[in-house]
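J.:
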Amino acid sequence: MFIVFEGIDGTGKSTQVQMLAAALQKKGHEVITSKEPTDGPYGKRLRDSAETGRLSPQDELDLFHLDRKEHVTELINPALERGATIILDRYYFSTMAYQGIRGFDPQEIRQINEAFAPQPHHVFILEVPIDTALTRIGGRDGQANEFEQREFLEKCHEIFAALPDDFITRIDASQSPEEVHAAILAKLP
Ligand code: TYD
Numbered sequence: 119m120f121i122v123f124e125g126i127d128g129t130g131k132s133t134q135v136q137m138l139a140a141a142l143q144k145k146g147h148e149v150i151t152s153k154e155p156t157d158g159p160y161g162k163r164l165r166d167s168a169e170t171g172r173l174s175p176q177d178e179l180d181l182f183h184l185d186r187k188e189h190v191t192e193l194i195n196p197a198l199e200r201g202a203t204i205i206l207d208r209y210y211f212s213t214m215a216y217q218g219i220r221g222f223d224p225q226e227i228r229q230i231n232e233a234f235a236p237q238p239h240h241v242f243i244l245e246v247p248i249d250t251a252l253t254r255i256g257g258r259d260g261q262a263n264e265f266e267q268r269e270f271l272e273k274c275h276e277i278f279a280a281l282p283d284d285f286i287t288r289i290d291a292s293q294s295p296e297e298v299h300a301a302i303l304a305k306l307p
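Right under this line is the structure:
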């Protein structure tokens with residue numbers, strides 16, 4: 119199984135990745151968890167630039183794709199080939215949303231990615247009201263003013279909300295972590 123968590127910042131994705139991994143491991147699955155951007159060299163450049171703000175939107179988009187290509191080749195495909203379950207914190211739907219906001223066409227981004235990145239079996243989009251997300255990330259993103267951040271997260275949410283696929287489930291992530299986890303488990307075989 120290939121499972122992906124998506125959503126705007128502050129929705130609690132990483133907590134849910136860990137809870138789901140533990141639950142599936144208990145059932146005897148081999149479970150691998152990972153995230154994008156990765157901790158590899160391209161991911162590191164992306165994280166550094168998030169702090170210093172030096173990359174152009176095009177360079178940033180290119181780096182997300184390089185990072186993902188490496189992730190697919192080195193981790194995702196080998197895990198799927200040997201029948202492991204892989205759970206990701208963000209994948210190419212985040213590129214559609216976040217780089218979509220920076221002026222790229224989300225559908226074009228999707229095509230570029232689906233040419234090399236396998237489609238997941240399940241995508242959980244965690245949703246919280248923007249105010250909740252802003253409160254949760256409060257300390258994390260000091261530079262942007264609240265208005266800019268609100269507008270950014272709203273646009274991001276809209277791109278996630280417009281994704282039409284059957285393999286996507288939207289989860290109300292304003293509930294407790296345990297309730298969110300239960301809602302996710304209920305959607306899995
Ligand atoms: P995030 O999961 O929030 O990482 P951290 O644990 O460091 O907070 O991801 C970092 C940021 O990267 C997040 O704001 C979304 C952004 N991002 C993109 O812009 N494009 C992408 O393709 C991905 C995967 C992430």
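Per the numbering used here: the sequence shown = residues 119 to 307.
Backbone N, C-alpha and C define an ideal beta-carbon position, used for all residues, glycine too.
Report whether the distance from the Cβ of Tyr160 to the nearest heavy atom of the ligand TYD is below 7 Å.
T.: No - the ligand TYD has no heavy atom lying nearer than 7 Å to the Cβ of Tyr160.
J.: Any heavy atom of the ligand TYD closer than 7 Å to the beta-carbon of Asp166?
T.: Incorrect: Asp166 has no Cβ contact closer than 7 Å to the ligand TYD.
J.: Between which two residues does the beta strand (DSSP E) holding Phe123 run?
T.: Note, Phe123: beta strand (DSSP E), Phe120 to Glu124.
J.: Contact check, Ile255 vs Gly128 under 8 Å by CB: the rounded distance?
T.: Yes, Ile255 and Gly128 are in contact; Cβ-Cβ is about 4 Å, under 8 Å.
J.: For Pro295 and Leu206, what's the separation of their Cα atoms in angstroms?
T.: C-alpha separation (whole angstroms): 18 Å.
J.: If you draw a straight line from the alpha carbon of Phe242 to that of Val135, how long is it in whole angstroms?
T.: Distance between the alpha carbons of Phe242 and Val135: 10 Å.
J.: Quick one: is the Cβ of Phe182 within less than 7 Å of any heavy atom of the ligand TYD?
T.: Checking every heavy atom of the ligand TYD against the Cβ of Phe182, one is found closer than 7 Å.
J.: Assuming Phe182 and Gln143 make a contact with CB atoms under 8 Å, what is their CB distance in whole Å?
T.: Contact flag wrong, Cβ pair sits at about 29 Å.
J.: Of all the options Pro175, Gly201, Glu245 and Leu306, which has the alpha carbon lying nearest to the alpha carbon of Thr213?
T.: Ranking the options by Cα distance to Thr213, first place goes to Pro175.
J.: What are the start and end residues of each continuous alpha helix (DSSP H) run of 4 or more residues lying completely inside the region 137-205, in chain order?
T.: Listed in chain order, the complete alpha helix (DSSP H) runs (minimum 4 residues) inside the region 137-205 are 159-170, 175-189 and 195-199.
J.: Got a sec: does the ligand TYD put a non-hydrogen atom nearer than 7 Å to the Cβ of Thr213?
T.: Yes.
J.: Figure out for me which residue from Asp157, Val149, Gly125 and Pro155 has the closest Cα to the Cα of Ala280.
T.: Per the Cα distances, Gly125.
J.: I'd like to confirm something about Glu245: is its beta-carbon nearer than 7 Å to some heavy atom of the ligand TYD, or not?
T.: No, the beta carbon of Glu245 sits no closer than 7 Å to any heavy atom of the ligand TYD.
J.: Give the single residue among Glu148, Ile194, Ile219 and His299 whose Cα lies nearest to the Cα of Gly178.
T.: Before going further, note that residue 178 is Glu rather than Gly in the sequence given. Out of Glu148, Ile194, Ile219 and His299, Ile219 has the C-alpha closest to the C-alpha of Glu178.
J.: Would you kindly work out how many angstroms separate the C-alpha atoms of Ala233 and Phe222, rounded to a whole number?
T.: So the alpha carbons of these two residues sit roughly 17 Å apart.
J.: Classify Phe265 as helix, strand or coil using the three-state DSSP reduction.
T.: Looking at Phe265 - three-state DSSP - the assignment turns out to be helix.
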